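Here is the structure we will look at.
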Amino acid sequence: MEPKYIFVTGGVVSSLGKGIISASLACLLKARGYRVTIQKFDPYINIDPGTLNPYEHGECYVTVDGHEADLDLGHYERFTNVNTTRANNVTTGRIYQSVIDKERRGDYLGKTVQIIPHITDEIKRNVKLLGNTGNFDFIITEIGGTIGDIESLPFIESVRQLRWELGENSLCIHLTYVPYLHAAKELKTKPTQHSVKLLQEAGIQPDILVLRTEQDIPAAMRRKIAQFCNVSPEAVVQSIDCSSIYEVPVMMHAQHLDEIVLRKTGVTPTQEPHMAPWMHFLEKMHAATEEVNIALVGKYVELQDAYKSINEALFHAATYSDRKLNLTSIHSEKITKENVDGLLKDMDGVIVAPGFGQRGVEGKLTALEWCRTNDVPTFGICLGMQCMVIEFARNVLGLKEANSTEVNPTTKDNVIDLMEEQKSLSNLGGTMRLGAYDCRLAEGSRAAAAYGTTDIKERHRHRFEFNNDYRRRYEEAGMKCVGENPSTHLVEVIEIPEKRWWIGTQYHPEYSSTVLNPHPLFTDFIKAAVKYRGERLMEEFAETKN
Ligand code: GLN
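In my numbering, the protein residues as written are 488 to 1033.
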């Protein structure tokens, strides 16, 4: 079949969850056997979100091919189990850069280069890149921002042109917000009507409306919206707040969103989506009552989206272990030798987060010393792993000044140091060691047992690395380098085998945990945490009996 293009736009307010709706639709179409991909077009001028700090844009996600991407791509992968690439996330900056490069090369043959047609043509070319590969039946394109924003106008105009060119092979889903006014005890549809009008003024008639709401929208009100907005009544779907984002596909299917999309793009639905594995996950999620207490130590803990993929990976793993994840975020800058015991003593497992710069590093080291000496299951990711290495140097190897040169460039024991190829770089954008690299795990290591294999590939985003000059000293003292890149010998995984669970990874396993494929290291970590919790409960029980 010819590729079908689904455009998802948003109106009224931002943060409505266009990414989750796009991912949910993709999940349903995939469960019907179609080949689906989702891409996001972001109207900001940064080339990619790699240089944005988490206060601006939450977590930076990394694709297998080494692209620093919007965190919505994480949702796409978690919901569909399909890897995304650089082509799945395009910004205004990328579009302009490409057009300007072409202009400098003389590709425009002396023409005046303009937003229309040159920028819009470049947007359209990018929208169709994945469709042109022949690998996909459905290409879902999420347009970032809110209708009416100046910066998204060229994208909206491109969608208008594409709708015209593609006809039945495309459709537009518009997501809006229906607020509930408590004082008047009423749901209000006017913002939706206005938002659809804006879209119509831009020449786009939405085919489907998804209404975000905190209260059930009565059928009569949905019919009224359908009438005002030229949309068929069954194509006005509500997206009511629910306890977990993973419920959304089911909620959308109950209102036939996937079927409506098929019919409106000229495809006859032949079978129901095969959602059994997904439902199995949801059943476990609902049935779990016993908790597992995990602490996440990081410096951006007050931001909901800063560690999105870690939160989700922990949640997947806990759910498959029949546990309710009770995640406590602990601000690394607030951890001191005096309060660390109080902060961590009830934890079944501790995860030390990735990060950049020196802020919060000392708190992470204090937490790690406490975890190591108290033998609590502990997982260090990227900077978290580097902190494990520094802590061990200071408190076990006796190298009191040991540090990463990122924190102290003149440290005499540079156990973590800048990678050789990073030393000559001056640009910050897109220059880290990025994307998936091979890693060979040592036979018999805990990590290899967790993965069930010794050959893995994981995604990276860092400039600093374990300094191999110190490797022998670490290994003799009990901290093993159990994973390394087979060609460069960069150390990718460390563990202390004699501890309950003490693993650090230079890479980011959280990026590849999905609902249907929870990540083996997270699963093993949660299992160890659950076991440790059981041991502590037994001890307490024995004490009360005595
Ligand atoms: N700042 C460290 C480095 O660049 C760790 C990066 C990270 O945690 N993603 O190597």
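Virtual Cβ for every residue (Gly too), placed ideally from N, Cα, C.
Owing to the predicted nature of the structure, the values given are computational and were not obtained by experimental measurement.
Worksheet item: So is residue 751 buried or exposed if we call it buried at 16+ other beta carbons inside 10 Å?
Response: Locating residue 751 in the sequence shown gives position 264, counting from the first residue. By the 10 Å Cβ count, residue 751 comes out buried.
Discussion item. So, with DSSP's three-state summary, where would you put residue 780?
Written reply: To locate residue 780, count along the sequence shown from 1; it is residue 293. If DSSP states are grouped into helix, strand and coil, residue 780 belongs with the strands.
Discussion item. The ligand GLN and residue 756: does the residue's C-beta get closer than 7 Å to at least one heavy atom of that ligand?
Written reply: Taking the sequence shown and counting its residues from 1, one reaches residue 756 at position 269. No, since every heavy atom of the ligand GLN falls outside the 7 Å radius drawn around the Cβ of residue 756.
Worksheet item: Excluding sequence positions up to five away, which residues of its chain have a Cβ less than 7 Å from the Cβ of residue 905?
Response: Along the sequence shown, read from residue 1 onward, the residue named residue 905 stands at position 418. 892, 950, 951, listed in sequence order.
Worksheet item: With DSSP run on the structure shown, which of helix, strand or coil describes residue 683?
Response: Locating residue 683 in the sequence shown gives position 196, counting from the first residue. Here residue 683 sits in helix by DSSP.
Discussion item. With a threshold of 8 Å between beta carbons, is residue 735 in contact with chain B?
Written reply: The structure shown contains no chain B; it is built from a single protein chain.
Worksheet item: Does the beta-carbon distance from residue 863 to residue 837 come in below 8 Å?
Response: The residue you call residue 863 lines up with position 376 of the sequence shown. The residue you call residue 837 lines up with position 350 of the sequence shown. Yes, they are a contact pair.
Worksheet entry | Nearest-angstrom Cα separation, counted from residue 842 out to residue 821 | What you label residue 821 is simply residue 334 of the sequence shown in a count that begins at 1. What you label residue 842 is simply residue 355 of the sequence shown in a count that begins at 1. When rounded, the distance between both Cα atoms is 16 Å.
Worksheet item: Does at least one heavy atom of the ligand GLN sit under 7 Å from the Cβ of residue 870?
Response: The count along the sequence shown starts at 1 and reaches residue 870 at position 383. Yes, Cβ of residue 870 sits closer than 7 Å to a heavy atom of the ligand GLN.
Discussion item. Using the Cβ count rule (16 or more neighbours within 10 Å means buried), how would you classify residue 866?
Written reply: Your numbering for residue 866 matches position 379 in the sequence shown. It is buried - the Cβ of residue 866 has at least 16 other Cβ atoms within 10 Å.
Worksheet item: Once you ignore the five residues that flank residue 761 on each side, which residues in its own chain have a CB closer than 7 Å to its CB?
Response: Your numbering for residue 761 matches position 274 in the sequence shown. If we look at residue 761 and ignore the five residues flanking it on each side, its Cβ neighbours are 518.
Discussion item. Residues in the same chain with beta-carbon distance under 7 Å from residue 589, minus the five sequence neighbours each way, listed in chain order, please.
Written reply: Residue 589 sits at position 102 when you count from the first residue of the sequence shown. Counting only Cβ-Cβ distances below 7 Å, and skipping sequence neighbours, we find 595.
Discussion item. With a threshold of 7 Å (Cβ to nearest heavy atom), would residue 896 be considered close to the ligand GLN?
Written reply: As a working note, residue 896 is residue 409 in the sequence shown. No; taking the cut-off as 7 Å, the Cβ of residue 896 has no heavy atom of the ligand GLN nearer than that.
Worksheet entry | Supposed contact pair residue 575 and residue 1003 - C-beta distance, whole angstroms, cut 8 Å | By 1-based counting over the sequence shown, the position of residue 1003 is 516. By 1-based counting over the sequence shown, the position of residue 575 is 88. No, residue 1003 and residue 575 are not in contact; Cβ-Cβ is about 19 Å, not under 8 Å.
Item to complete: Tell me whether residue 910 sits in a helix, a strand or coil according to DSSP, three-state version.
Response: Within the sequence shown, numbered from 1, the residue matching residue 910 stands at position 423. Residue state, collapsed to three classes: coil.
Practice prompt. Assign residue 696 to buried or exposed, taking buried as 16 or more other Cβ atoms, counted over all protein chains shown, within 10 Å of its Cβ.
Written response: Locating residue 696 in the sequence shown gives position 209, where the first residue counts as 1. Taking a 10 Å sphere around the C-beta of residue 696, we find 16 or more other C-beta atoms and assign the residue as buried.
Item to complete: Could you tell me the boundaries of the beta strand (DSSP E) in which residue 982 lies?
Response: Here the question's residue 982 lines up with position 495 in the sequence shown. 978-982 is the span of the beta strand (DSSP E), which, as asked, contains residue 982.
Discussion item. Could you tell me which whole beta strand (DSSP E) segments of length 3 or greater appear in the stretch 509-593?
Written reply: 523-529, 576-578
Worksheet entry | Residues bridged to residue 947 [DSSP beta-bridge criterion] | Position 460 of the sequence shown holds residue 947. Answer is 922.
Worksheet item: Three-state secondary structure (DSSP) at residue 853?
Response: Taking the first residue of the sequence shown as position 1, residue 853 is located at position 366. Residue state, collapsed to three classes: helix.
Worksheet item: So is residue 600 buried or exposed if we call it buried at 16+ other beta carbons inside 10 Å?
Response: Residue 600 sits at position 113 when you count from the first residue of the sequence shown. The residue in question, residue 600, is exposed, as its Cβ has fewer than 16 Cβ neighbours within 10 Å.
Worksheet item: Measuring CA to CA, which of 566, 503, 666 is closest to residue 630?
Response: Reading the sequence shown from its first residue, position 143 is the one you call residue 630. Among 566, 503, 666, the Cα nearest to that of residue 630 belongs to 503.
Worksheet item: Is the beta carbon of residue 949 within less than 7 Å of some heavy atom of the ligand GLN?
Response: Position 462 of the sequence shown, counted from the first residue, corresponds to residue 949. Between the ligand GLN and residue 949, a heavy atom-to-CB distance of less than 7 Å is present.
Worksheet item: Under the rule that 16 or more other beta-carbon atoms within 10 Å means buried, what is residue 736, buried or exposed?
Response: Numbered from 1 along the sequence shown, position 249 holds the residue referred to as residue 736. The residue is buried, with at least 16 neighbouring Cβ atoms inside 10 Å.
Worksheet item: Nearest to residue 781 by CA position, among 770, 802, 764, 789, is which residue?
Response: In the sequence shown, the residue the question calls residue 781 occupies position 294. Cα-wise, what sits closest to residue 781 is 802.
Discussion item. If the criterion is Cβ atoms closer than 8 Å, does the pair residue 548 and residue 558 meet it?
Written reply: Position 61 of the sequence shown, counted from the first residue, corresponds to residue 548. Position 71 of the sequence shown, counted from the first residue, corresponds to residue 558. Yes, they are a contact pair.
Worksheet item: From residue 491 to residue 583, what does the alpha carbon distance come to, in whole angstroms?
Response: Residue 491 sits at position 4 when you count from the first residue of the sequence shown. Residue 583 sits at position 96 when you count from the first residue of the sequence shown. Roughly 26 Å between the two C-alpha positions.
Practice prompt. List the endpoints of the continuous beta strand (DSSP E) containing residue 868.
Written response: Residue 868 sits at position 381 when you count from the first residue of the sequence shown. Bounds of the beta strand (DSSP E) holding residue 868 are 865-868.
Worksheet item: Is DSSP giving residue 861 helix, strand or coil here?
Response: Numbered from 1 along the sequence shown, position 374 holds the residue referred to as residue 861. Note: residue 861 maps to coil in three-state DSSP.
Worksheet item: In three-state DSSP terms, what is residue 801?
Response: Counting from one through the sequence shown, the residue named residue 801 turns up at place 314. Residue 801: helix per DSSP, three-state reduction.
Worksheet item: Going by other Cβ atoms of all chains shown within 10 Å of its Cβ, with 16 needed for buried, is residue 828 buried or exposed?
Response: The residue you call residue 828 lines up with position 341 of the sequence shown. A residue is called buried once 16 or more other Cβ atoms fall within 10 Å of its Cβ, and residue 828, having fewer, is exposed.
Practice prompt. From the DSSP output, read off the bridge partner residues of residue 651.
Written response: Mapped onto the sequence shown, residue 651 falls at position 164. Answer is none; residue 651 lacks a bridge partner.
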